Structures are given as structure tokens and as C-alpha cells.
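Numbered by UniProt numbering, the letters in the sequence shown go through residues 1 to 461 in order.
Report on the structure given below.
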Amino acid sequence: MFKKILFVIVFLVGLLYCFYSLLSFFIGDLMTFFFMFIPGGSILYLWFMNKKILKSLNTSKTTQNIIPKDSLPIEKEITTNATPDIILKDSSPVKKNITTNIASATKTTATSFCDAPIKENAVSVTYPLPSERLIGKSVFSFPKNYVMVDVETTGLDPSNNEIIEIGALKITDGNVIDSFKTFVKPINSIPSKITSITGITNNMVADAPSIKTVLMEFKSFLSDNYIVGYNVLFDIKFLHDSYYKNFGNCDWLSHDYIDVLRFCRKYFKSAPNHKLTTMIDYLNIDVKEHHRALADCYATLECYNNCKERALKENIRFELNSVEKLCIDTVKKILEENNFDSSYLRFQLSNNYLTSYCLYSHLKIKTRGRLGIYVILNKNEVSTLDSDKNYDHATKSEQGDYRVFLSADNLRNDLYLLQMIICERYTSCLDSLNQYVANSSRCKSTVDSYLIDSRFFNPNL
């Protein structure tokens, strides 16, 4: 009360000073005006400022008193459906309590969905997918033994859609020796759009085995073979994600894979497009059913064989002599016997030199000319050879230190004496290649182009 009276008195004094100062101004007494207005104005200014400060202090106190220190939590019960990733036979709701404290409006403590009770009659558990798929690498080669794979699915997204049919052919030395074909019973019904494309209905898969059973059988069928297919990465992703969701890992699916779509783009550039259905018509392949797993495997096999014929014709044009063929065969065997991946190995014949590559230059052999057969090596490499080897200084254009001469009559054995050098160089090239590919997708595209470059002889055909 005292403060309020004091504030009124101060206000009246300031107002009185200002009134006399204005009166002095009107009668022309400027000296009195200044002496009265300055203190009067200052008193009123300080009065207004103090009133504003006190008002803000009172407001903050009022706000603090709104929320009591000992406020009790309020419990609210909410109802939600079954927890994510857990498939129950019935979808009866799961109840959970959420506790909210009014005193802390920005903080809410809730039981996690994953902490909800799991029913004893749950039929399966779905594992969350990893951030990255650990699968094999794409290779551009024509192996003798492989498995041709095709899957039919309920959509295009491997993380959400399901496999409804798997077909596969096991090929050894170019011959089909076994086949694998089965429907898969999906958890969700097959969309009508998928039925119109594949012809697979819900009735057809009603009595089919579960995906877990089928994947275990397919794993055994695949063994350690190459995976071959048309746009086969699509199939591999579905196989990987389906296995991972059911078993919690998929470390077995690390097979290198071969995409026949890449072959068709390389060897049949004049085709209208490179869809499988288009290539079937373009190559006059007889197919009884479209978009069915095993039928698509047979169609893809025909496309694969047509591409292989084209590739062989390109290799024939190199017109390699017997020495060059023996060098290629021996270098490839040395690498494979030492457990190297020879799918990156390529050869080029230029100016009477046969050069092997693993993206980068690997080994340079002079195969034609009056001086005979010799390989270009560095000084350090020559020091590891037997002293009885015949060698000479290399020219600058040969990009090496020495020419090490090889016997035409004993060429394979002479190359095997260079086994350690051939393997060390290939290791270095592979390391450089892998580092290069790791840089960006553009670098990987460059390697893919190298593998299908017709200027190089492919020893893997």
C-alpha cells in the first residue's frame, strides 16, 4: 500500500513541475521553463520506467505459480494394434500406459512400441533389414557352371513386397542338369495387377510352402555357383531381403552374379529396347509362358547363349597365333591356381606386343618379331630371377627396365618361373581397381565399360 501511495506522490510532483514549465514557456520566461521542465520530465520518465519493470516482475511470479512443484502425473490409457514386425494370428489390440507430467510440458515418457507384450500364439517374427546388402559383385564373363534364376513378386520393392514364385536352372558345361520350380505362399494377398501380368492367382499359391521353407531349399540348390539372370540384381535383392527378414542374416548370398541384360545391351545394340519380352521377339525365342519364373529362366538362357556366340566371334577376329594363345592360357591358369579372380583379366594385341590387363596394365610380352619372345620387367623383378636367364635392356617405349627372353619350345615352363611376379602384379592391379571403384558410381561404370570393351580379348569365354 505504501509503495502505491509513494508512486502517486512522485507522479503528481513530476506533473506539477511540467505544468509550471509549460506556463513559463507561454509567458516567455525561458529560464524558468528549462529549470522546471528538466526535473519534471525526468521524474515522469523514471516513474513510467519503474512501473513497467514492476509489472513484468509480477507477471513472471504469476506464471511460476501456475504449475505447482508437487504436480502429480496424469495417466492416460491408449489402444493400438499389434506391434510392428510381429505377425499375430489375430490382431487384438495391445494396451499400453503413457505417463505425462503437466509440469514438464515438453517432456513425455512413453513405453516403446517394441516393449509391448508379445502374444504366445505369434506365428513368425520379422527381422529389420540391414542398412546395406552384403552380396557378391557383378562380373562380365561366361562361366561354364552357373545357376539361372528368376523370381516373380507382388511388386517392385524388395523390402516390402513378397516372392510368389522361384524358378532356377542349374547349368554345367552348357547343359541343363537340374531345375527348381515352386510357388511361395505370401502373407498378403496377390494384387490383381500382378495376377494380370503373371497369371498367378491367390488360389494357385494357397497350398504353397512358406518363404522360409522355399529359401532353405533354394539355398541348397544354388550351392556355390554363379548366379545368372535377366536384370538379376532385382532377383538377388528379393532373395536377400526375404531371407534376412526370416532368419536375421543373409551371409550366404555372396555369389558373384552375371546380368544377361548387360550382355544384350552390348551385343544387340540394334534391338528396339532390351526388355526380356522384346529380346525374346528379337531373337525369335520360343516361349510358352511370359512372366513365369521357370519359363523366363529358359528364355534368359537362350539370350545368354546368343550373346556368348557374339562374344566368341569378336574374340576370333583377334587372329591370335599359337604363342599368344599359350601365353593367355598360361597367365590365366597361374592366376586361378593362386586363387585370383580372373574375371577382370583381359588381353590386347598391339604392335606385336601381347599385354594383359586388370583395368591397369599387368604384363607385357613381345610375341612377334625377329628378336624372339620376351617379357618386360623392372630391375627389382629381374633381381629375383635365376642368374642364367637371358635378358637385355628395354627401350624407353617398352616402359620397363629389362627384356627377359623366353624359350618358344619351353614357353609354359618359362612363364611359370615368373609366377610370383605375375601374381604380385595382379594383386597390385586388383587393389588399384578396388580403390578406384570405391570412389564413385562413375568409376564403377568405367570398369563395366572396360569389361565389355571389344578392343580387349576376353579369356573367360
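By construction, the Cβ of each residue, glycine as well, lies at the ideal position given by its N, Cα and C atoms.
Remember, it's a predicted structure, so these values are computed and weren't measured experimentally.
Check                                                                                                                           : Outcome
4-residue-minimum alpha helix (DSSP H) runs that sit fully inside the stretch 409 to 450, ordered along the chain               : 411 to 416 and 419 to 439
Cβ contact (3+ pairs, closer than 8 Å) linking the stretch 400 to 407 and the stretch 377 to 391                                : yes
Residues that residue 175 bridges to, as DSSP identifies them                                                                   : 172
Residue range of the unbroken beta strand (DSSP E) whose run includes residue 358                                               : 353 to 358
Paired residues, beta bridge with residue 230 - DSSP                                                                            : None, per the DSSP bridge assignment.
Nearest candidate by alpha-carbon position, reference residue 420, set 368, 337, 132 and 461                                    : 337
Host alpha helix (DSSP H) of residue 262 (start-end)                                                                            : 260 to 267
Cross-strand partners of residue 167 (DSSP beta bridge)                                                                         : 150 and 181
Beta-bridge pairing of residue 364 - partner residues as DSSP gives them                                                        : 355
Given 8 Å, three or more beta-carbon pairs between the stretch 164 to 173 and the stretch 141 to 155                            : yes
Closest residue to residue 262 among 202, 273 and 197 (Cα-Cα distance)                                                          : 273
Which of helix, strand or coil DSSP assigns to residue 140                                                                      : coil
Pairwise C-alpha distance: residue 258 and residue 266                                                                          : 13 Å
7 Å CB neighbourhood of residue 163 in its chain, flanking five on each side removed                                            : 151, 153, 184, 211, 238 and 242
Contact belief for residue 144 with residue 173 at Cβ below 8 Å, rounded distance in angstroms                                  : 5 Å
First through last residue of the alpha helix (DSSP H) which encompasses residue 287                                            : Where residue 287 is concerned, there is no enclosing alpha helix (DSSP H), given that its DSSP letter is neither H nor E.
Proximity to residue 390 [Cα-Cα], best of 250, 157 and 377                                                                      : 377
Cβ-Cβ distance between residue 472 and residue 202 below 9 Å                                                                    : Nothing can be reported for residue 472: it is not among the residues displayed for the chain, which extend from 1 to 461.
Cut-off 8 Å between Cβ atoms - residues of its own chain near residue 454, not counting five sequence neighbours on either side : 314
According to DSSP, residues forming a beta bridge with residue 350                                                              : 353
Residue from 139, 240 and 193 with nearest C-alpha to residue 132                                                               : 240
Any beta strand (DSSP E) of 3 or more consecutive residues that is wholly inside the stretch 295 to 355                         : 346 to 350
Opening and closing residue of the beta strand (DSSP E) in which residue 488 lies                                               : The structure shown does not extend to residue 488, since the chain is modelled only from 1 to 461, so the question has no answer here.
Residue 348 versus residue 280: straight-line alpha-carbon distance, rounded                                                    : 33 Å
Which listed residue (355, 457, 375 and 460) has its alpha carbon closest to that of residue 407                                : 375
For residue 405, the residue or residues it bridges with in DSSP                                                                : 374
Beta carbon of residue 458 nearer than 9 Å to that of residue 346                                                               : yes
Whether residue 364 touches residue 356 by CB criterion (9 Å)                                                                   : yes
Identified DSSP bridge partners for residue 466                                                                                 : Given a span of 1 to 461 for the chain in the structure shown, any question on residue 466 remains unanswerable.
Cβ shell of residue 426 (< 7 Å), same chain only, five flanking positions each side left out                                    : 335, 340, 358 and 362
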